[in-house]
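Participant:
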Amino acid sequence: MNGAIERFDDRARRRVGAYGRTMVRENELVRHPVYTRVLHWSVAIFFILALLSGFAIYSPWLYRALTPLFGGGPTTRLLHPWFSLGFVIFFAFQILNWLEPMTWTSDDRRWMKQVKSYVTNKEPVEPEYVDFFNGGQKLYFWAIVASAVVFLLSGFPMWFPKTFGRITVDIGYVLHDIAALVMLVGFIVHLYEGTGAQPGTFQAMTRGTVERRWAWTHHPAWYRRATGRDPRTDYEQARQRSSRPPDPTARTDLK
Amino acid sequence: MRDSWQKRIDRASELAARDEAVRPLLDAYGRLLVLQRDCYASLHAHSARLSGALERDLATVRACVPRILNEIARTGPPRLAEQARQMIDGGESAIDSMLLMGWRTPSDEHFFAKAVLQSYANCLATDGLHPIDRDLPRADNVCPFCGGAPQVSILHHAADTDGGGRELLCATCLTTWPFRRLLCARCGEEDERQLGYFHSPAYDHLRVDACDTCKHYLKSVDLTRLGRAVPIVDEVAGAPLDLWARERGYEKIELNLLGL
Amino acid sequence: MPSGTLQIKAISAHSGPIPGQGVQREEDVCKYIDVTTCIGCKACEVACVEWNDMPFQQTTFDNTYQTMPATAWNYWNLIKFNEHQRDDGSLMWLMRKDQCMHCEDPGCLRACPADGAIVQYTNGIVDFQQENCIGCQYCVSGCPFDIPKFNSSTKKVYKCTLCSDRVGQGLEPACIKACPTGCLKFGTKTDMRALADARAQQLREHSGFANAGVYDPPSVGGTHVIYVLHDATKPEQYGGLPANPVIPPTYTIWKRAAKPIGLLLALLAAPVAFFHYVMEGPKEPAP
Amino acid sequence: MTNGWIDIKNTDMMLIMGGNPAENHPCGFKWPIEAKLHRNAKMIVVDPRFTRTAANADLFLQIRAGSDIAFLGGLINYAIAQNRIAHDYLVNYTNASFIVQEGFKLPEDGLYSGFDPSTQIYNKSTWNYEAGGRVSAAPVAAAGDTAKGGGGTSQADAPAPSGGAPPSAKSSQPRTGLGYAAQGPGGAKAGAGGSHPGGQAAAAGAPPSLPPNVAYDPSLQHPRCVFQLLKQQYSRYTPEMVERITGIPKDQFLKAADLFTSVRINGDMKKVSTIIYAVGWTQHTFGTQIIRTAAMLQLLLGNVGRAGGGVNALRGHSNIQGATDLAGVFDILPGYLKMPNPDDGDFATYVKRITPTASNPAEWQSYNYWSNTSKFAVSFLKAMYGDAAKKENDWAFSYLPKIDRNYAWAQIWDDMYAGRIKGLLAFGMNGVQIGPNSRKNIDALKKADWLVVGEIYPDETSEFWRAPGTSADEMKKIQTTVYRLPCAGFAEKDGTFVNSARWLQWKNVAVPPPGDARLDQDILAQIFLKVRELYQKEGGKFPDPILNVRWPYTQPDHPALAEVAREINGQALAEITDPTGQGAPSIKAGQQIPGFAWLKDDGTTLCGNWLYSGSWTEAGNQMARRGTDDPSGLGIYPNWAWSWPANRRVMYNRASCDPSGKPWDATRRQIWWNEGSGKWVGNDVPDFKVDSKPSDHMGPFIMNPEGVGRLFAPLSAFAEGPFPEHYEPIESPITNPLHPAQSNNPVVRKMKSPLDKYGEPAGGFNIVCTTYRLTEHYHYWTKNNPMNVQLVPEPFVEIPVELADDMGLKGGERIKVTSARASYVAKAMVTRRIKPMMIDGKKTYQIGIPIHWGYRGIAEDAGRTSLDSANLLSPTVIDPNAYTPEFKGFLVKLEKA
Amino acid sequence: MAISRRTFLQRSLAGGAAITAFGFDVTPIYAQAKSLKISRTTETRSTCPYCSVSCGIIIHTLGDKAKNAIPQVVHVEGDPDHPINRGTLCPKGASLEQDILNERRLLNPQVRRPGADRWEDIGWDQAIDEIGRWVKKTRDATFVEKDPRGRTVNRCEGLAWNGGCTDTNEFNYLVVKTMRSLGVCYLENQARV
């Protein structure tokens, strides 16, 4: 099974990769190939459309602000399930694509235990065992997967109430909304993490590359796998090369 | 019943705002209604003094008149203003004889009498005092309370099984009494071929109920089409229909307070 | 009869003040249906179809006198015929005129996500404004009486308007006017309720219906269509009239409380992120 | 109706039986509801089905179709046993105290005295009163015993001296429902010697007549007084017997009996109850007698003549009442004058035969209004033949056809099927659909030479030649020429309808007929004038009546109905003076007469229908009056339209007062005796001689020669007996438990054509079937109207759940109903509203079929139905008094289709 | 003080300024009155043709009788003055307009000839002529002046009349007049069944 998925993914990566390219500069590593990026942004676009159209219907506060984007209430309502369907389809490919790197490991459990130090930026670099994705990213990913399933299952009854009957619709209504909220929280965190919180990350999804520094900082284990070098060593070397080494104690003082 | 006067006033201003052509007429009528309301209010406040015999009630009724005369003298059309001034000059006796004549030999051509007596008779009606010195002939087509002629006809639906149909609204006391459909309110003609109503989409809830036997008409306010119409006011607002009916050679059973 | 133009009391999915609210006080209207004197003649059905200009449709025999199984998007008024066996073995043939109940607390309006698609007037009428309807059919699930009906070709939902157009002109609804036995009446809620209570009392005292009563369910805040029933303790036997109609808790609890709170909580992630940035700063690639 | 629609609101108790007003008279049903709401009146509904009327009832009982007499007889028994009867009313206003001749025998064995089994006709000579004035109770053996073995001596069935009595009248012509109507079929039949198809004419000889001074016992104790006989007759109708026959469990019957008679607890007269019925009673082979039983019950309880009381027939159509008043049926002339019979050699003989003489105790008085018959008859002939009707030529009496047999509805089809009738004119009458036994009617039409149909929609009768199942070859063989003439709808014609309450209401023309359609009266006039022209030109058989018909209409080929209405009212042909001597101005020649009291038998008046005299006077068209005043609040509306007779709204209203002239109930004052003016006065027009003092003891039932209501209907008033007896329908699931040897009505005979087959339980026909209409449809008319078709789109058969379960049938599946005559296929409506019944210990099912579909109509043309007519199933067999076919309660079997 | 109504009328007819009897200016209204589209409706009282309750109805027809136009039914309502139905109608009565204006109505005389499988149109004159001849032929062929016992009976047993439930009294009376004069005995009506 896994092999089949892997073969499919490989084929997809090759095929899509052939239509694009990834410019790798000096001191950079390829993090997300073209296929992943295309998938990500397709998912993102449909997600945002579904989010906006969905939230237009979700709350009266947003109804008047958001429905005009889609040409009024009825079209908003009409488009929302189609947007969602788009999201689900692309996201399904993404799942296949990332099934392997997103697999939960004991390292992730370790990571989760130390999540406080991650949040507070206690260490300048991540623990050595953090691979392509850290525990937080995986958590987010699987939360989205779960939500998407809930969305799908609860969305269809709401789309075709006659077929599914009233109770299903009623329950679906609540589940759909809970899933939406989970996604919204995750989405906000994801946005932040992918932009402001970790400079250099955004580029991973746009140009597809990251600086080596970025890699040994955030995903040391992946760095090791990708370059065959020891991330810690490279970090220390770089730190010494640097004229003004970071001074974590100073920050601590500010607190 | 002060409420009903207020309703009339409100309806007049509502309709005036809507129709430019009729606005001056309705504005004038609205001002008259205010005067009538106040007159009604003062009579009603002193209803203990009223007897139902105008002759005995003159002192109370007369008190309302100067304000109306002054207002008409000031704002009325020239001819009425002139008459108002004459009556002011004539003093109490002129006013009394005007009122008594309007009471005993009613005519839709006595403007001042009609204006004042509407308030008076309406007050009698709401206070349950029967008119005493107004010995008018009884008939189906005159008001069973005061003997007045009908001003306007009203069509309404049965609220339950015991009501509905047509009513006539008295031009004097403004009360209503049931009156059959398909019957001329003036000559009693029942032959449907002689009767008929004229209707314009411009006034969906108004009809001109005409009789080809006596060549008279009165307007009907169809509350089954517009339940919140105020018949006596909407009647005035339908003035174009009056002009149209007159052009066709029909005469109105009873002119309204604006002489139309 | 209550009259006057329609004042809006509540609007579906509407934020902010309601236009014109409080300008005019208006009495609640109410349709009175005495089920115990209804003869199921369907004159009200004809009147409804005619007044609302609804197209003819072919119906089919369905083992009942009922014109069709349920109200339809283009058939808002339906007499429901129900054979009911009483405990003593005797039969009752219950005929109930089914239509929108015009709840004081309308589930449809509560469920509706579209601004202005459902309005409730101060006189109590709940009216659908199809131009604002987005066809999501949440109202269908929100209604405890299964009244709103979806038209799949126009993608809108329709239901009885209590002839709001007529009532707005000071008239009674078309069905009322048509009733030959007088089992339908229309007036203020107070008057109709008093009439209904008196009739129910008469049924209890003189007709041997110990449980006769008025159907005006408090669980939806009362309705602007009330029934006099032979047995008010078992409204279900009148063609599925719920004893305790409730707007599904999904709408009440979720939409009223959990939903806004949830949204606030979710959106809280944004300031948290912001303050994280402010307080902890970005994690730059090191060095 | 003896009373009226609105009057129902005045009642305290309703027995609705044999009718379904909520469905068939919805707007009239508001008045029963009104009584319930405002008087707490109770409603008992007895019907084979749980109808929409039953849904509003306080008590519903499911009865087997055709067992109504047993139920009503049981009520009579109960009322007498519980002493819930109106004693003073009985003694003074009915013939309860009259003594019946010795030799009269009650039908313990199913037969009254005088039956001749070979002819199936009764010799009714023992069905008479004894003469002799007041007697006290004598210890004589009861009539039933004394009469044993006694038969009449007279061989002839004599013409009755009197027509029906008020209550009996109702029964004798159920479609008319009223005393006046009694003159109708009862009379004609009597004239025909009680004969039936193939029956013999009456033999010559002095017919028995009612005695002038009747023997009576006001104590009601005499064993042969009517009351004691009545008591004896219905003592057999015990609750147990009622249960066996009707299927109504004893406890339920007792509940109903207790409730219905509760208005007369201890004889208190304040309350009043009404009985409301329709064709559920008339359409039986004993229909007239069902109605008569109801009338007797009402007399027993003192409910006739009173506001909120009476026996109220709800006619099924807008002008059935008028059609009967105006003799649209074979056996009468307008105003319920009897048709002449061949023995009426001259006018005098005719009048003598049809004019009753008073028959009452000598101390009492009888108005005997029918004593004026000669005036009505001469005026009618003057209206028919004008100047050609002279005293010298017996008022052209010879112009009228003389009849001595049955020419009624079912006979038309039988005789046409036998090839005797060559041509038929049918105007607004869909004979194929109406049946009974529609197949026979279709086949009968194939044998006619010509058919003229006047209709507004394409109907089954005009298209009988392409009825379903007719092959192209068969069609070629049908030699009937059919003309289909487009007629005018109701809105296109003026004229009057008479409603159930006897109100004549004029309507006006709203629109002209569409297309090339013509007014019915124009078509009739044009056909007639064409025939007259042909007779003028070519001569022919006895052209005199045709050539001499008075046809005075301004436009002869377009007779104005207003002119006709004026003629019906009556006009003076010479100056006549006030016949009452009260000094009213005299009437000049050519003027309208003010009422039937002014009619003359000297040829100075003409009148199309004496009953309608007063409907269009010199004061104008009274039928168009629109006065909405109701001063009494009783719903009399004296100035709205015009009601026959003489604008009376409640008939026999003298009976609303006690013998001293005071209303039984002071809150419902209709009329009363005013001592000061020496007159009867009140809110209604007194149905009485206005100056007859209470002490004169004149009977309130002025149309009866006795002056009182008939509990016992003497002589030839009814074909099968003076008291009604329960007989089984011709097709019945059981034999009569009362007298198995005489199960059916003894004077009913079955038709003999090859298409007249009758089913028996032994032949597998063991389900009772009844037919009816629905609220949403009107006969065979609204199937052309999209709205009504939408409301009820398809034909169906109502079937009890238990029966459906037995058959493994589900609602909506197709079912085939088969009678001895034909099959009918429609969808099944499986319902709990018809329950299986225990009839004489046998589990019996009933089913019901609405009649509204045929082979032309919106649904039919769209192919959504089986194209069957419900009346394919019904049998051709008729009530011997009213000739109405037995549409209710015949036998069928069922199978899945 | 009294002002003649004529004053007003003349002025308005003369055009220009128009004032009411009391001198109120109605010139602008006058212009409006001229532009009104006005139709004449006649209300006709009738009686519902269905059951025997005899509900009063009012039929509204459009069409100026002065112009000899064919009236058009525009509305049918229950007559509120009628004491029995008080303005209400049942579902059949409520759809009477569909009965008056029904596309299934018969519009032309038709005849089905012997052996034919279809209707053919026929003119009124010819139809009446043919029917008249049928009636005479049948009557002459079957008329009985004396019965076998020699009694005068003057009856025609070869043709029958079926009258309908909605025939008016006056029509029924004409039926009696004509049919009895023809000697018809088989004279029956819905009243029987």
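Residue numbers (the working numbering), protein chains in the order written: chain L, 223 to 477; chain V, 53 to 312; chain U, 9 to 295; chain W, -13 to 883; chain X, 8 to 200.
Where is the CB? At the ideal position from N, CA and C, for every residue including glycine.
Would you say GLN419 (chain W) lies against chain X (beta-carbon separation less than 8 Å)?
Facilitator: So no, GLN419 (chain W) is outside the interface.
Participant: With TYR166 (chain U) and TRP81 (chain U) assumed to form a contact (beta carbons below 8 Å), what rounded beta-carbon distance in angstroms separates them?
Facilitator: Yes, TYR166 (chain U) and TRP81 (chain U) are in contact; Cβ-Cβ is about 4 Å, under 8 Å.
Participant: Cβ atoms of MET823 (chain W) and THR817 (chain W): under 8 Å apart, would you say?
Facilitator: Going by C-beta atoms, THR817 (chain W) is not nearer than 8 Å to MET823 (chain W).
Participant: Inspect the CB distances between the region 59 to 72 of chain W and the region 672 to 692 of chain W and report whether three or more fall short of 8 Å.
Facilitator: Because the criterion of three Cβ pairs below 8 Å is not met, the region 59 to 72 of chain W and the region 672 to 692 of chain W do not touch.
Participant: Per DSSP, PRO202 (chain V) forms a beta bridge with which residues?
Facilitator: Bridge partners of PRO202 (chain V): V:CYS222.
Participant: Check whether the Cβ of GLU433 (chain L) lies closer than 8 Å to any Cβ atom in chain U.
Facilitator: Chain U contact via Cβ: present.
Participant: For HIS96 (chain V) and CYS175 (chain V), which I take to be in contact (beta-carbon distance under 8 Å), what is that distance rounded to the nearest angstrom?
Facilitator: The Cβ separation is near 5 Å, so the contact holds.
Participant: Spell out whether any CB of chain W is found under 8 Å from the CB atom of ASN90 (chain U).
Facilitator: Answer no: the Cβ-Cβ gap between ASN90 (chain U) and chain W never drops below 8 Å.
Participant: Taking only beta-carbon atoms, is LEU275 (chain V) less than 8 Å away from chain U?
Facilitator: Interface residue, yes.
Participant: Does ARG612 (chain W) get closer than 8 Å to chain V when you measure Cβ to Cβ?
Facilitator: So yes, ARG612 (chain W) belongs to the interface.
Participant: Any Cβ of chain V within less than 8 Å of the Cβ of ASN494 (chain W)?
Facilitator: Chain V, which has a Cβ nearer than 8 Å to the Cβ of ASN494 (chain W), makes this yes.
Participant: Find out if the Cβ-Cβ distance for the pair MET773 (chain W), GLN79 (chain X) is shorter than 8 Å.
Facilitator: Their beta carbons are not under 8 Å apart, which means MET773 (chain W) does not touch GLN79 (chain X) by this criterion.
Participant: Could one say the Cβ of LEU406 (chain L) lies closer than 8 Å to chain U's Cβ atoms, at least one of them?
Facilitator: True, the Cβ-Cβ gap to chain U drops below 8 Å.
Participant: In whole angstroms, what separates the C-alpha of GLU127 (chain X) from that of TYR469 (chain W)?
Facilitator: Near 10 Å, if we compare the C-alpha coordinates of TYR469 (chain W) and GLU127 (chain X).
Participant: Measuring alpha carbon to alpha carbon, tell me which of W:LEU597, W:GLN507, W:ARG635, W:ALA374 ends up nearest ILE532 (chain W).
Facilitator: If we check each option's Cα against that of ILE532 (chain W), W:ALA374 comes out closest.
Participant: Would a check of beta-carbon distances place GLY279 (chain V) closer than 8 Å to chain U?
Facilitator: By this cut-off, GLY279 (chain V) is an interface position.
Participant: Go through its chain and collect everything with a Cβ distance to PRO87 (chain X)'s Cβ below 6 Å, but skip five positions before and after it.
Facilitator: Answer for PRO87 (chain X): GLY94, listed in chain order.
Participant: Nearest chain V C-beta to VAL118 (chain X) closer than 8 Å, yes or no?
Facilitator: Not an interface residue.
Participant: Under 8 Å between beta-carbons, which chain W residues line up against ARG259 (chain V)? List them in chain order, please.
Facilitator: Those do not exist, as ARG259 (chain V) stays about 18 Å from chain W at its closest Cβ, beyond 8 Å.
Participant: Using a beta-carbon distance below 8 Å, is THR95 (chain X) in contact with chain U?
Facilitator: Judged by the 8 Å Cβ criterion, THR95 (chain X) is in contact with chain U.
Participant: Counting only Cβ-Cβ distances shorter than 8 Å, please list the residues of the region 369 to 401 of chain L near chain U, keeping chain order.
Facilitator: Residues passing the 8 Å Cβ filter: MET380, PRO383, LYS384, ARG388, VAL391, ASP392, ILE393, TYR395, VAL396, ASP399, ILE400.
Participant: Looking at the unbroken beta strand (DSSP E) that takes in PHE158 (chain U), where does it start and where does it end?
Facilitator: Per DSSP, PHE158 (chain U) belongs to the beta strand (DSSP E) from 157 to 159.
Participant: Which runs of the beta strand (DSSP E) at least 3 residues long sit entirely within the region 826 to 869 of chain W? Give them in chain order.
Facilitator: Complete beta strand (DSSP E) runs here, min 3: 828 to 836.
Participant: Count the other CB atoms, across all protein chains shown, that sit within 10 Å of the CB of GLY567 (chain W); report buried if there are 16 or more and exposed otherwise.
Facilitator: Under this definition GLY567 (chain W) is an exposed residue.
Participant: Since PRO188 (chain U) meets chain X, which of its residues come closer than 8 Å, beta carbon to beta carbon?
Facilitator: By Cβ distance, chain X contributes ASN92, THR95, LEU96, CYS97.
Participant: Select from X:GLU177, X:GLN197, X:CYS192 the residue whose C-alpha is nearest the C-alpha of GLY481 (chain W).
Facilitator: It is X:GLU177.
Participant: Check whether chain X comes within 8 Å of HIS303 (chain W), counting only Cβ atoms and requiring the distance to be less than that.
Facilitator: Closer than 8 Å to some Cβ of chain X, the Cβ of HIS303 (chain W) qualifies, so yes.
Participant: Would you mind listing the alpha helix (DSSP H) stretches within the region 131 to 156 of chain U that are 4+ residues and don't spill past its ends, in chain order?
Facilitator: Entirely contained in the region 131 to 156 of chain U, the alpha helix (DSSP H) runs reaching 4 residues are, in chain order, 146 to 150.
Participant: Starting from the beta carbon of ALA167 (chain L), find every residue of chain U whose beta carbon is closer than 8 Å, and list them in chain order.
Facilitator: Chain L is shown only over 223 to 477; residue 167 (chain L) falls outside these bounds and no answer can be derived.
Participant: In the DSSP assignment, find the unbroken alpha helix (DSSP H) run with LEU413 (chain L) in it and report its ends.
Facilitator: Looking at the DSSP string, the run of the alpha helix (DSSP H) that includes LEU413 (chain L) is 388 to 416.
Participant: Note down, in chain order, each residue of its chain lying with its Cβ closer than 8 Å to the Cβ of GLY613 (chain W), except the 5 sequence neighbours on either side.
Facilitator: These residues qualify, in order along the chain: TYR623, PRO624, ASN625, TRP626.
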